[in-house]
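Okay, structure first, notes after.
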Amino acid sequence: MSGVDSRLRKSRTVMRLWDWSVPPHGVHREVLSSVPQGWDDEPRATRTPPLLFIHGLAHGAWCFAEHWLSAAAQKGFPAYAVSLRGHGGSGGSQHRRRTLMRHYVHDVMQTITELPQPPVLVGHSMGAIIAQLVADRYSPRALVLLAPAPLQGAGVTMAALARKRPLAAVKVVAGGTLPMGSGQLFTGLEEATAEKYVSRLVPESPWVQYELLRRRRIGPVRAPVMVAGTKADRLVRVADVERTAAAYGVEPVWLTRVDGSPLGHDVMLDDGQDRALDAVLEFVSARAM
Amino acid sequence: MTISPDSWAVIGAGPHGLSALKALLERGIPAHGFERDTDLGGNWNYHAENSRVYESTHLISPKPFTQFPDFPMPDSYPDYPSHWQVHEYFSSYARHFGLMENLSFNSEVVRCEPIGADAESGWDVTVRDRETGSEQTHRFAGVVVANGHNWWPKMPEYPGQETFTGEIRHSAQYKGADVLRGKRVLVVGAGNTGCDIAVESAQNAKSTVHSTRRGYYYNPKYAFGRPSDQTADLLLALRLPLALRRVLFKTTLRLTVGDFTKFGLPKPDHEFFETHPIINQQLVYYVGHGDIAPKPDIDHFDGDTVHFTDGTSAEVDLVVFATGYLAHFPFLDDAWLNPEGDHPVLARQIFTPTFDTLVVSGLIQPDSGQWTIAHWQGMLIAAYADALRHDPEAAHRFYDRMIAEVDQRFTGGADYKDSTRHYYEIAHQEYLRTLENDLSSLESVPA
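These protein sequence lines map, in sequence, to chains S and H.
For what it's worth, my numbering labels the leading residue of the first sequence as 1, then goes sequentially.
For what it's worth, my numbering labels the leading residue of the second sequence as 290, then goes sequentially.
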């Protein structure tokens with residue numbers, strides 16, 4: 001492959017000592033879904049692959065259920081979204097302060113084994129990191145990374161936070177949840193709608209937030225990869241999206257509304273989400289069918 | 290059925306056959322699997338003729354390492370699932386990865402014939418339809434042998450055995466405790482099967498004698514409130530040396546189970562990790578209750594009496610030989626895998642020195658779970674098959690290096706006691722570290 005940023009690549013991970021010796025325990029898992037009628041009866045070789053959406057920091061499966069699950073099903077794609085433990089309708093919030101990224105990976109792997117065939121993994125923000133960790137052990141049909149949390153670590157995001165809102169940064173370092181207001185997440189929603197969404201955010205595991213600061217390298221991925229971001233994202237910088245894309249040797253896709261204005265970080269909720277989903281489905285149709 | 294001649298054949302649809310088939314297909318290499326039974330699962334397909342699991346079989350290694358890393362067992366499964374759950378697990382694995390479309394059932398491979406001196410033109414694989422008896426031959430680029438090594442009974446012979454008036458059966462014919470009920474039973478062998486059957490006999494038979502050649506370490510399934518394998522993996526994760534792990538294990542055993550000799554069991558004559566681990570929490574318990582009488586090796590049979598090497602004897606109605614299994618490849622020439630006559634010679638337990646397109650998966654006895662290893666054996670085979678297609682030169686360099694290291698064993702520094710199966714014994718972490726390196730050397734082949 002040409003144009004691949006090899007600094008973010010590694011070879012396969014075979015040894016998973018912590019998962020073997022101290023495996024994550026299972027918790028109740030919320031999986032929301034919308035499956036087109038008759039899909040189950042179609043031959044598996046030719047039918048559309050299922051999509052599995054993985055949410056980001058402090059969100060839940062609900063953020064995909066708002067518009068995307070039913071819209072994707074209407075276009076013929078069986079769509080599933082899982083709430084990671086401690087989020088949405090899943091259990092485990094009492095263990096939030098002991099939850100690690102690998103617990104989330106476990107939740108996604110469990111969900112995958114319940115799907116009828118290998119899905120396209122669609123990860124948003126921190127969910128994109130989880131999707132990539134999953135892809136390191138499981139070969140998905142395709143990998144879609146939306147506004148992906150940076151592979152090289154979110155140190156820059158933290159530094160920016162420390163400059164603009166030093167008190168908030170101190171809180172995050174002390175284990176508080178990264179503050180996300182409607183200004184950070186949306187660029188085109190009415191204040192009331194935006195606030196409604198923000199009010200659904202839940203506290204995040206401090207350990208998972210610390211883990212986001214860490215640099216991640218990706219193993220050999222054979223599935224087609226799409227990396228998409230927005231130029232108005234106030235959490236994930238344009239340069240970070242470009243670097244993630246470069247790790248896979250692909251060109252980033254920039255999500256916009258009809259008038260060309262960029263969406264905010266929450267591309268599945270912000271005004272223009274329908275065009276963002278179309279971009280994902282177009283990629284899947286072109287590359288993963 | 291048409292099979293393209295650049296396909297790979299996979300013989301057997303047990304865990305190793307399934308994971309090899311999956312890995313090949315996932316990498317875009319055409320492959321087709323043949324299974325002699327009507328269903329997948331191999332040994333874990335309880336109803337199959339060659340399945341050796343019995344009614345009460347549960348895993349003896351816990352989920353985390355035993356399961357396929359890319360398809361974990363459901364959270365609803367216990368630490369040690371039953372063979373029914375294992376079979377259901379393999380079925381959902383095959384469904385999820387679409388393997389059913391590439392598997393023929395009722396199809397017994399009767400012959401693999403290399404085409405050309407070095408099989409450079411591929412393989413003719415002859416398959417018998419077990420329903421109709423008709424045979425068909427397909428051309429393949431390569432063959433993955435995954436027919437298992439726990440199905441062909443290894444039968445011992447003792448003086449006077451033919452005069453024994455009771456019943457003799459091998460554990461291969463043991464499917465449940467009903468055959469033991471009300472009888473005076475002798476169980477021979479202290480493998481995991483022998484210990485399981487001795488325990489079931491203690492619960493069901495009139496009396497139970499358990500004959501073993503030596504003393505063993507009977508490890509508990511749980512230690513410190515967690516499956517003992519997970520504790521063992523934790524110690525390995527911390528990279529503790531073998532000697533220290535031995536001390537820790539023996540101390541733990543002494544503190545939890547106690548001194549075996551106080552139960553009347555013989556003292557182990559070997560070090561920890563020098564025989565395949567026995568995982569059985571109940572055996573010592575029943576010995577302590579007098580329901581199992583431990584005995585040494587058999588000296589000879591005489592009528593309904595069995596005499597042991599220590600001069601004692603016992604009258605028995607039923608002898609169960611849990612004396613293990615031999616690897617058996619009825620569809621290959623003996624000399625291909627077994628040039629020295631008594632054990633298969635394989636590099637990495639996978640590659641054969643005779644043909645570069647004949648590979649084996651599953652000829653291993655790990656000191657932990659098995660299917661994480663099945664997964665990575667499959668991945669290495671698929672990466673190698675891929676290289677053979679796209680960069681034959683690199684593939685051959687890799688193969689030559691493997692064969693040059695054919696004598697390498699992966700026993701984690703332990704010196705295994707002699708037994709026909711000790712050629713397959715591997716220390717799981719050491720073995721996987723080696724496969725990890727092999728895989729990265731194959732996959733870093735410049736594109």
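Idealized CB from N, CA, C, for every residue including glycine.
The bridge partners DSSP lists for Ser199 (chain S) come to none. Distance check between Ala288 (chain S) and each of S:Asp40, S:Val4, S:Pro118 places S:Pro118 closest, using alpha-carbon atoms only. Per DSSP, reduced to three states, the secondary structure at Asp588 (chain H) is strand. Not a single CB atom of chain S sits nearer than 8 Å to the CB of Ser308 (chain H).
Each of S:Asp107, S:Ala228, S:Glu211, S:Pro179 was checked against the Cα of Arg29 (chain S), and the nearest Cα belongs to S:Asp107.
Rounded to whole angstroms, the separation of the alpha carbons of Val695 (chain H) and Val414 (chain H) is 26 Å. Of the residues assessed, Gly89 (chain S) falls on the exposed side of the cut-off, its CB having fewer than 16 other CB atoms within 10 angstroms. Under the Cβ distance rule, Met289 (chain S) does not count among the residues neighbouring chain H, no pair being separated by less than 8 Å. For Pro403 (chain H), the enclosing beta strand (DSSP E) begins and ends at 396 to 403. For the region 342 to 364 of chain H, residues whose beta-carbon sits nearer than 9 Å to a beta-carbon of chain S comprise Pro351, Lys352, Pro353, Phe354, Pro358, Asp359, Phe360, Pro361, Met362, Pro363, Asp364.
In this structure, the beta-carbon distance from His427 (chain H) to Val416 (chain H) falls below 8 Å. Contacts with chain S (Cβ-Cβ distance below 8 Å) from the region 309 to 327 of chain H involve Glu315, Arg316, listed in chain order. Per DSSP, Glu114 (chain S) lies in no beta strand (DSSP E) and is assigned neither H nor E. As the crow flies, the alpha-carbon of Leu146 (chain S) is around 22 Å from that of Leu115 (chain S).
At least one CB of chain S lies nearer than 8 Å to the CB of Ser381 (chain H). Considering only beta carbons, the part of the region 111 to 127 of chain S lying closer than 9 Å to chain H consists of Ile112, Thr113, Glu114, Leu115, Pro116, Gln117, Pro118, in chain order.
Taking one beta carbon from each stretch, the region 460 to 480 of chain H and the region 608 to 619 of chain H have 3 or more pairs nearer than 8 Å; the two touch. The bridge partners DSSP lists for Tyr104 (chain S) come to none. By the Cβ criterion, the region 359 to 376 of chain H is not in contact with the region 446 to 466 of chain H, since fewer than three pairs of Cβ atoms, one from each stretch, lie closer than 8 Å.
Not one beta carbon of chain H lies nearer than 8 Å to the beta carbon of Met101 (chain S). Runs of the alpha helix (DSSP H) lying entirely within the region 234 to 260 of chain S and spanning at least 4 residues, in chain order: 238 to 248. Among the residues of the region 665 to 676 of chain H, those with a Cβ less than 7 Å away from any Cβ of chain S are Trp665, in the order of the chain.
Annotation for Val198 (chain S): Met180, Gly181, Ser182, Leu185 place their beta carbon closer than 8 Å to its own, counting only its chain and skipping 5 residues before and after.
Taking the CA atoms as reference points, Arg217 (chain S) sits about 40 Å from Ala408 (chain H). H:Leu728 is the residue among H:Leu728, H:His347, H:Leu348, H:Val576 whose C-alpha sits nearest the C-alpha of Ala683 (chain H). Close partners of Asp522 (chain H) in chain S (Cβ separation under 8 Å): Leu17, Trp20, Ser21.
DSSP, reduced to helix, strand and coil, places Tyr138 (chain S) outside both helices and strands of the structure shown, so it counts as coil. Residue environment: Glu324 (chain H) is assigned as buried (16 or more neighbouring CB atoms within 10 Å of its CB, all protein chains considered). Annotation for Trp412 (chain H): the continuous beta strand (DSSP E) segment containing it runs 412 to 418. Burial state of Val546 (chain H) is buried, judged by a 10 Å Cβ sphere holding 16 or more other Cβ atoms. A contact between stretches requires three or more CB pairs, one per stretch, nearer than 8 Å, and the region 269 to 282 of chain S meets this requirement with the region 214 to 233 of chain S. Taking C-alpha positions only, Leu310 (chain H) is separated from Thr193 (chain S) by approximately 50 Å. For Met158 (chain S), no beta strand (DSSP E) run applies; the uninterrupted alpha helix (DSSP H) run containing it begins and ends at 155 to 164, by DSSP.
Note that the C-beta distance between Leu143 (chain S) and Asp270 (chain S) is not below 8 Å. Around the beta carbon of Asn508 (chain H), 16 or more other beta carbons sit within 10 angstroms, so the residue counts as buried. Contact between Asp5 (chain S) and Ala247 (chain S) holds, with the beta-carbon distance rounding to 5 Å and staying under 8 Å.
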